[in-house]
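Peer 1: All the letters of the sequence shown, read from the start, carry residue numbers 99 to 330 under my numbering. No residue lacks a Cβ here, since even glycine has one placed at the ideal position from N, Cα and C. Can you read through this structure? Questions will come right after.
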Amino acid sequence: IKVKRKVLTDDDGSKEKIENLPCILVSNHLSYLDILILLSVFGECSFVARYTVLNVPFLGVMAKEMGVVFTGNGTKQTDSIISQSKQSIRGQRFFAIFPEGTTTNGRAMIRFRTGIFRSQLPVRPIVIKYRNRNFSPTWESIQLWYHILRLLTQFTTCCEIFVFPLMNPSQKEKDAPRLFADRVQGKMNELLGQPVYLLNRKHKMVFHSFLMGKIGKNEALCEAKQISLEDL
């Protein structure tokens, strides 16, 4: 994997020295390779993943060995993530999280979940871009075994990682984390220039069920609509 890092400047044109400033890293999410990319740039990091990753062949074992923090849904889980992030920073480790909650194909973003932004801590936005002519490392709906096979049979995987200046929440954003989440995503999207959809991981699971023929179009649309209503 060839990784090219670009550190973006502050508004005054200065660049931070990021290596010795452990903080919360907030990144877009395209592939399981994202974790390796972040490790190559920031060194020791703590990561968050859904507990269902434990059941994924190869990825589950890798994530467990790396000390990934596994979580589910709900307020208690959010509190646990926030606690883990503060503990990591106190221990001089970066804490990386993907607030979209799932991977995308790199052509659009999913609106950020607000969980980590409830910590009221500064975050450092990270944008990952893969540049490949033959096979894209983005993992959205391809079966895992085939995706890994295709990655292993191409000569190189090229990646750019853009490191943004630290962003601090205002008092208004501390009181309303949604505002901070949207501002951070907006800053990242100044670089990406992508549409942002009001979707989540559950929508993706419904789409996968439709692709595999487990449910029909009308059933998929009804389920997706219900998920959207519950997520308001």
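1. From Glu-163, Ser-326 and Val-154, pick the residue whose C-alpha is nearest to that of Arg-299; which is it?
2. From what residue to what residue does the alpha helix (DSSP H) around Cys-256 run?
3. Report the partner residues of Arg-211 according to the DSSP bridge assignment.
4. Near His-127, which residues of its chain fall below 6 Å by C-beta distance, leaving aside the five closest residues on each side in sequence?
5. Measuring straight from C-alpha to C-alpha, what distance separates Leu-250 and Glu-321?
6. Hey, could you find the ends of the beta strand (DSSP E) Ala-320 is sitting in?
7. May I ask which residues mark the beginning and end of the alpha helix (DSSP H) holding Leu-289?
8. At the level of alpha carbons, what is the spacing between Arg-231 and His-245?
9. May I ask you to report which of helix, strand or coil DSSP gives Arg-231?
10. Can you name the start and end residues of the beta strand (DSSP E) that Ser-307 belongs to?
11. With DSSP as the reference, label Lys-100 as helix, strand or coil.
12. With distances taken Cα to Cα, identify the nearest neighbour of Gln-241 among Arg-103, Met-310, Phe-192 and Gly-213.
13. The alpha helix (DSSP H) with Arg-248 in it runs from where to where?
14. Give me whichever residues DSSP pairs with Tyr-130 in a beta bridge.
15. So does the stretch 139 to 149 actually touch the stretch 265 to 281, counting three or more Cβ pairs closer than 8 Å?
16. Could you have a look at Phe-168 and say whether DSSP puts it in helix, strand or coil?
17. Have a look at Phe-305 and Ala-318 and give me their C-alpha separation to the nearest angstrom.
Peer 2: Based on what the coordinates show:
1. For this step, residue 299 is matched to residue 201 along the sequence shown. Comparing Cα-Cα distances from Arg-299 to each of Glu-163, Ser-326 and Val-154, the minimum goes to Ser-326.
2. The residue given as residue 256 occupies position 158 in the sequence shown. Per DSSP, Cys-256 belongs to no alpha helix (DSSP H); it is in the beta strand (DSSP E), 256 to 261.
3. Along the sequence shown, read from residue 1 onward, the residue named residue 211 stands at position 113. In DSSP, Arg-211 forms no bridge with anything.
4. Translated into positions along the sequence shown, residue 127 becomes position 29. The residues are Phe-196, Glu-198 and Thr-201.
5. By 1-based counting over the sequence shown, the position of residue 250 is 152. By 1-based counting over the sequence shown, the position of residue 321 is 223. About 36 Å.
6. As a position in the sequence shown, residue 320 is number 222, starting the count at 1. According to the sequence as given, residue 320 is Cys; it is not Ala. That residue, Cys-320, is in no beta strand (DSSP E); its alpha helix (DSSP H) goes 315 to 328.
7. In the sequence shown, counting from the first residue as 1, residue 289 sits at position 191. Start and end: 275 to 290.
8. Within the sequence shown, numbered from 1, the residue matching residue 231 stands at position 133. Within the sequence shown, numbered from 1, the residue matching residue 245 stands at position 147. Cα-Cα distance, rounded: 15 Å.
9. Position 133 of the sequence shown, counted from the start, is the residue given in the question as residue 231. Residue state, collapsed to three classes: coil.
10. Stepping through the sequence shown from its first residue, residue 307 is reached at position 209. Ser-307 -> not in any beta strand (DSSP E); alpha helix (DSSP H) instead, spanning 299 to 309.
11. Locating residue 100 in the sequence shown gives position 2, where the first residue counts as 1. In this structure, Lys-100 counts as strand in the three-state DSSP scheme.
12. Taking the first residue of the sequence shown as position 1, residue 241 is located at position 143. It is Met-310 whose Cα lies nearest to the Cα of Gln-241.
13. Residue numbering aside, residue 248 sits at position 150 when the sequence shown is read from its first letter. Where Arg-248 is concerned, the enclosing alpha helix (DSSP H) stretches over 242 to 250.
14. In the sequence shown, residue 130 corresponds to position 32, counting from 1. Answer by DSSP bridge pairing: none, since Tyr-130 is not bridged.
15. no
16. Locating residue 168 in the sequence shown gives position 70, counting from the first residue. In the structure shown, Phe-168 sits in a strand (DSSP, three-state: E or B).
17. As a first step, residue 305 must be located in the sequence shown, where it is residue number 207. As a first step, residue 318 must be located in the sequence shown, where it is residue number 220. Approximately 7 Å, taken between the alpha carbons.
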